[in-house]
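*Asks:* Protein chains in written order, with my numbering: chain A, 7 to 639; chain B, 7 to 639. Glycine included, every Cβ here is placed at the ideal spot set by N, Cα and C. What you are looking at is a predicted structure, and each value in this text was computed from that prediction instead of being measured.
Laid out in structure tokens, this is it:
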């Protein structure tokens with residue numbers, strides 16, 4: 007059922023200014039500084055087991071109030087994955103030595119039966135596999151597995167992969183539908199997609215089967231988390247998150263049609279489901295994914311591609327409930343939406359998936375990393391009174407390595423290849439080395455995208471080759487032109503988001519794509535009551551915002567954009583690594599007129615110049631207020 | 007320092023349609039039905055002590071998670087108070103027998119040392135006075151005391167008052183600054199204002215002193231709630247509400263300048279402070295009250311007079327944080343704001359106090375009681391998707407009796423008298439029998455207020471008498487006319503909200519006051535971000551709202567009011583006990599155009615007729631959505 011395969015990021019050399027800068031920052035600063043923080047916060051030390059019980063040992067009756075230590079194996083695994091992607095760009099003996107040291111720790115920690123969760127081994131091994139609902143054992147295994155696969159692919163060294171293969175064998179012996187096995191699955195989905203990555207390396211069907219088991223068993227009755235809680239002596243009804251919607255086990259996965267609960271859990275699960283649908287040719291699972299996709303993108307997504315309005319469940323609430331100031335919109339959730347979107351694209355080449363992938367990438371995901379590559383957002387609200395700012399590290403550092411592993415592998419989201427098709431999803435200066443029907447093809451993009459919509463594509467097959475080049479015309483684009491070797495091609499009637507150019511391609515062929523990229527006013531559905539009467543500015547894939555520092559230091563909540571205000575031509579700005587600035591004649595509500603809370607006149611408006619910058623760049627110049635959705639007057 | 011005395015409600019006969027209907031409903035239906043509910047929910051039975059420990063006995067380590075049973079004495083006290091007010095309107099042997107039966111229960115329950123809290127006596131008497139922070143003992147005492155004072159005034163029977171006097175003596179022996187006394191005060195203020203009511207009956211200075219002690223001791227260091235928690239073996243830092251701002255003991259009362267924490271606690275305390283300032287001539291306390299008043303009314307009050315946006319602390323959060331759909335705005339808080347406002351008016355005759363009193367009365371307080379007088383709101387949001395509706399009873403039924411005791415004594419909020427001054431705060435058909443400088447004066451209002459602004463006032467002194475009649479010109483009024491015996495008097499330059507007519511008044515004098523009462527558009531400060539771009543409709547003191555049932559069954563969140571839309575002349579409607587309806591040519595956002603969550607055009611608007619009714623009347627015709635703040639387009 008999989009129609010397309012992604013082109014691996016190792017085959018795409020990033021050259022354009024935008025992604026080159028982000029990638030260099032992640033490789034040079036983010037990944038090394040993340041290792042430093044794993045050391046400083048004791049996360050790497052925690053792999054040395056057994057060790058004396060730590061001060062944070064959790065009393066039996068509060069075990070759901072897990073400490074973040076319980077996730078630490080996953081953070082190490084995610085760093086190994088990100089660092090391994092860095093090695094694919096450039097081998098580095100220092101990083102490899104650091105990873106090998108971790109591998110030694112893991113080798114020492116692993117039990118003879120293959121079990122490998124350092125938190126349980128070091129603290130209460132007798133309780134392993136007794137609280138899948140809360141305690142993230144399989145989640146940790148999944149991230150370590152992703153790290154092991156990535157390190158093996160980067161270096162060819164298999165020691166970590168072998169360790170994890172033994173652990174996976176242990177897991178497969180414990181969980182399943184056989185006699186004496188536990189019919190469990192993880193409270194935080196993640197191992198499912200990791201097992202499919204493993205399968206892509208081993209091609210051993212048992213790894214795919216285990217992933218499918220975890221997906222299909224989820225939510226069946228009697229409910230595993232009920233049984234497990236009773237076995238612990240806990241009351242299953244006293245689940246701290248109150249509903250199994252929290253971890254998407256409220257009903258069998260194939261019966262789910264609403265995106266609910268914890269956003270990252272949901273996205274990781276849907277990504278695995280899309281993978282499984284492709285691997286197994288499972289049309290029902292594909293339809294389930296399509297329904298869930300429609301649900302989240304038509305009712306439950308911020309314009310930034312942020313997901314999950316609520317801090318309470320780190321996830322979803324009601325349709326159209328998208329508050330801006332209290333938006334949780336965890337960085338991880340937008341990153342995981344990108345994972346899912348890419349997998350949907352391979353199931354079905356529909357530009358709607360690529361549109362959302364791009365929207366989440368340039369906004370809700372990229373906002374998670376600071377300019378200097380060492381500071382982070384966990385939550386990505388669309389409005390702030392200035393109290394929200396980036397942090398150096400987080401008690402739960404999941405987002406940090408999610409953004410570094412995404413950026414370090416960004417080239418992997420640019421292309422898909424099918425039988426005689428090459429589809430371009432993302433634009434950006436780069437050179438890709440592909441194979442289409444056995445023939446090597448080099449595809450070069452020369453462009454300043456996303457700052458301009460002009461893209462020159464050079465196609466260089468090793469020998470003349472007939473195939474369809476499918477160029478994505480973004481959903482945000484109102485018009486585009488395409489010329490092949492100087493001859494115009496119709497660009498304004500794309501089929502499901504892509505213009506297809508089918509011909510025999512030869513060395514030296516050039517395609518010029520020009521996507522008009524004016525500043526656009528964007529409005530939310532009137533059902534999103536937080537955005538009623540408000541407008542957002544976008545240019546290309548980028549959502550813009552007003553920051554206090556650029557707007558005469560006015561609290562941005564007082565700024566207004568007249569419906570008929572002219573927006574000036576966008577201007578390049580060399581600050582913040584270079585970006586395109588938007589200015590408009592706006593207004594500011596007058597608050598100097600005294601203290602009245604209510605009055606008979608609308609607030610006086612004073613003319614002011616509005617200056618907007620891309621949302622992903624906000625909060626890099628000290629604290630201050632910020633607004634994406636500007637009241638339109 | 008007290009410049010004015012309220013005219014007691016017993017001296018004001020309510021005759022006008024508006025309050026006559028509400029009063030009759032409360033007397034005939036609300037108060038009897040509340041007694042039935044006290045019986046049905048076991049609240050009256052709970053006064054029969056000792057009794058076997060109930061199933062809800064609270065484990066030591068969860069004692070802050072109090073059950074509502076711990077408040078039950080207060081609910082009984084509040085019902086006695088409301089029922090006693092009813093007796094002032096018309097004696098009723100049935101009601102008196104019910105109250106006397108309760109008094110017998112209390113007499114049997116009272117311990118020999120005077121202590122009288124049925125929850126503690128029946129359950130864990132050994133723990134009395136060990137958790138003032140959470141367990142409401144003095145709060146319960148305060149409400150029972152208010153009930154006892156009211157019943158004594160209504161019937162002259164002193165048995166309950168005597169019981170409570172013994173209890174107050176016990177309390178005065180336990181609490182204070184003397185040797186061996188506890189330097190405590192209640193976590194929920196209430197007894198302070200009750201003691202001042204008692205003082206007005208007994209004129210025994212010790213009752214005033216005890217009230218003053220509770221106010222002045224509050225928030226001093228070492229903190230009583232810390233000491234008390236440690237004495238219980240609890241960690242004082244583990245206060246479930248996290249901050250002593252919750253109960254306004256975070257600093258000494260006189261040092262407080264921000265309205266914080268639980269809204270009802272705050273309002274009860276400020277009411278007592280205003281009383282004490284008046285009784286003691288305490289200028290500092292008066293200034294504190296004035297500062298707190300400015301704070302709440304200029305930054306932290308809904309347009310309905312609702313207080314407290316947050317359910318978490320049932321109270322205040324940040325300045326200008328006034329979300330509409332999640333507004334807590336407990337009925338009790340608006341009722342208590344009225345208590346406080348009336349006391350401020352007696353300290354200083356400023357129409358600003360009467361304006362807020364009227365605003366809270368006709369909107370946030372009155373909304374708490376259904377048309378039929380037997381259903382209630384605890385929370386009073388300004389917007390609902392239809393999920394908020396009235397309930398028959400509540401696990402914490404505090405609001406029910408707060409609204410009944412307010413309405414049953416409504417005449418007491420109409421007037422104040424000073425040395426040679428009679429001030430009219432509220433308008434409504436009624437006949438008051440006053441005494442000014444020893445001379446009886448009958449003052450009759452003939453009016454349909456609040457449905458019209460035409461008020462005829464007949465002044466009938468027993469003998470010709472010189473005094474100043476001060477007529478309030480509401481803050482919402484843009485123009486008014488006054489004629490005395492047909493001769494115009496300047497009504498448009500009131501001094502601090504009142505037009506003063508000083509003359510020798512004689513039998514047959516008539517004052518005609520005409521306050522223009524057009525529909526007004528009201529806007530919030532631009533700092534209230536939830537109301538940006540929105541308008542509320544008011545007419546006179548009444549805030550209006552849109553209910554789904556009146557607006558083509560459209561979800562009210564989709565309705566819009568054009569800035570230039572004409573508002574039709576208000577129309578009398580006989581439904582819902584009679585009210586004035588407002589209609590306007592509005593618009594409705596089109597949601598039929600598909601599923602797009604974000605797009606490049608503002609939503610299409612379709613013309614529609616908007617119909618608004620007074621906010622206090624909403625949710626009397628089944629579930630449906632409701633909006634006060636309408637997006638203005």
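1. Ordered along the chain, which non-local residues of its own chain (more than five positions away) have a Cβ less than 7 Å from that of residue 365 (chain A)?
2. Residue 591 (chain A) and residue 572 (chain A) - do their beta-carbons sit closer together than 8 Å?
3. Closest to residue 519 (chain B) by CA distance: which of B:386, B:534, B:485 and B:532 is it?
4. Where does residue 18 (chain A) land, buried or exposed, given buried means 16+ other C-beta within 10 angstroms?
5. Would you grab the beta carbon distance between residue 528 (chain A) and residue 606 (chain B) for me? Rounded to a whole angstrom, and I think it's under 8 Å.
6. Got a sec: is the Cβ-Cβ distance from residue 641 (chain B) to anything in chain A below 8 Å?
7. So, residue 253 (chain A) versus residue 238 (chain A), is the Cβ gap smaller than 8 Å?
8. Can you find a CB in chain A that lies within less than 8 Å of the CB of residue 70 (chain B)?
9. Determine the contact status of residue 431 (chain A) and residue 363 (chain A), defining contact as a CB-CB distance below 8 Å.
10. Distance, Cα to Cα, residue 277 (chain A) vs residue 217 (chain A)?
11. Counting contacts by CB-CB distance shorter than 8 Å, is residue 526 (chain B) in contact with chain A?
12. For residue 348 (chain B), which of B:340, B:359, B:266 and B:339 has the nearest alpha-carbon?
13. For a cutoff of 8 Å on Cβ pairs, would you count residue 552 (chain B) as touching chain A?
14. Assign residue 249 (chain B) to buried or exposed, taking buried as 16 or more other Cβ atoms, counted over all protein chains shown, within 10 Å of its Cβ.
15. Could you tell me whether the segment 400-419 of chain A touches the segment 11-28 of chain A, using the rule of 3 or more Cβ pairs below 8 Å?
16. Near residue 98 (chain B), which residues of its chain fall below 8 Å by C-beta distance, leaving aside the five closest residues on each side in sequence?
17. Quick one: which unbroken beta strand (DSSP E) runs of 3-plus residues sit fully inside the segment 375-421 of chain B? Chain order, please.
18. Residue 602 (chain B) touches chain A at which residues, Cβ-Cβ below 8 Å?
19. Any beta-carbon of chain B closer than 8 Å to the one on residue 595 (chain A)?
20. For residue 430 (chain A), does the three-state DSSP call read helix, strand or coil?
21. For the segment 234-248 of chain B, which residues have a CB atom closer than 9 Å to at least one CB atom of chain A, in sequence order?
22. For residue 95 (chain B), which beta-bridge partners are listed by DSSP?
23. To the nearest angstrom, report how far apart residue 10 (chain A) and residue 570 (chain B) are at their CA atoms.
24. Along chain B, which residues have their Cβ under 7 Å away from the Cβ of residue 535 (chain A)?
25. Please report whether the beta-carbon of residue 606 (chain A) lies at a distance below 8 Å from any beta-carbon of chain B.
26. Any C-beta of chain B within less than 8 Å: which residues of the segment 308-322 of chain A qualify?
27. List the endpoints of the continuous alpha helix (DSSP H) containing residue 500 (chain B).
28. Hey, out of B:206, B:94, B:556 and B:220, whose CA is closest to residue 193 (chain B)'s CA?
29. Shorter than 8 Å from the beta carbon of residue 570 (chain B) to some beta carbon of chain A?
30. Using the beta-carbon count (16 or more within 10 Å), is residue 33 (chain A) buried or exposed?
31. So what's residue 192 (chain A) in DSSP terms, helix, strand or just coil?
32. Starting from residue 461 (chain A), follow the beta strand (DSSP E) in both directions and report where the run begins and ends.
33. Closer than 8 Å by beta-carbon distance: list the chain B residues that pair up with residue 609 (chain A), in chain order.
34. Relative to the C-alpha of residue 453 (chain A), which residue among A:447, A:446 and A:461 is closest?
35. Out of B:223, B:566, B:451 and B:471, which one is the CA nearest neighbour of residue 463 (chain B)?
36. Between A:580, A:492 and A:38, which has its C-alpha nearest residue 515 (chain A)'s C-alpha?
*Replies:* On the basis of the supplied data:
1. Closer than 7 Å at the Cβ level, and outside the excluded window around residue 365 (chain A), lie 311 and 547.
2. The answer is yes: Cβ separation under 8 Å.
3. Answer by Cα proximity: B:485.
4. Buried: at least 16 other Cβ atoms inside 10 Å.
5. At roughly 6 Å, the Cβ-Cβ gap stays under 8 Å, so residue 528 (chain A) and residue 606 (chain B) are in contact.
6. This structure gives no information on residue 641 (chain B), because the portion of chain B shown stretches from 7 to 639.
7. Cβ atoms of residue 253 (chain A) and residue 238 (chain A): not closer than 8 Å.
8. With a pLDDT of 40 at residue 70 (chain B), under the threshold of 50, the modelled position of this residue cannot be trusted; read the value that follows with caution. Not one beta carbon of chain A lies nearer than 8 Å to the beta carbon of residue 70 (chain B).
9. Yes.
10. Approximately 12 Å between the Cα atoms of the pair.
11. Cβ-Cβ to chain A under 8 Å: yes for residue 526 (chain B).
12. Nearest option by C-alpha distance: B:359.
13. No, residue 552 (chain B) does not count as interfacial toward chain A.
14. Exposed, because fewer than 16 other Cβ atoms sit within 10 Å of the Cβ of residue 249 (chain B).
15. Enough Cβ pairs lie closer than 8 Å, so yes.
16. Same-chain partners within the cutoff: 92.
17. Annotation note: the segment 375-421 of chain B contains no uninterrupted beta strand (DSSP E) run of length 3 or greater.
18. Going along chain A in sequence order, the residues near residue 602 (chain B) (Cβ under 8 Å) are 304 and 531.
19. Look at residue 595 (chain A): its C-beta is under 8 Å from a C-beta on chain B.
20. Strand at residue 430 (chain A).
21. Residues passing the 9 Å Cβ filter: none.
22. Per DSSP, none; premise fails for residue 95 (chain B).
23. CA-CA distance, residue 10 (chain A) to residue 570 (chain B), rounds to 56 Å.
24. Residues of chain B passing the Cβ test: 563.
25. So yes, residue 606 (chain A) belongs to the interface.
26. Those residues of the segment 308-322 of chain A that come within reach of chain B (Cβ to Cβ, closer than 8 Å) are 309.
27. In this chain, residue 500 (chain B) is not harboured by any alpha helix (DSSP H), its DSSP state being neither H nor E.
28. Distances from the alpha-carbon of residue 193 (chain B) to those of B:206, B:94, B:556 and B:220 put B:220 closest.
29. No, residue 570 (chain B) lies away from the interface with chain A (no Cβ there is under 8 Å from its Cβ).
30. Residue 33 (chain A) should be labelled buried.
31. Residue state, collapsed to three classes: coil.
32. From DSSP, the beta strand (DSSP E) with residue 461 (chain A) extends over 460-467.
33. Neighbours of residue 609 (chain A) on chain B, chain order: 529, 531 and 532.
34. It is A:461.
35. Measuring from the Cα of residue 463 (chain B), the nearest candidate turns out to be B:451.
36. The option with the nearest alpha carbon to residue 515 (chain A) is A:492.
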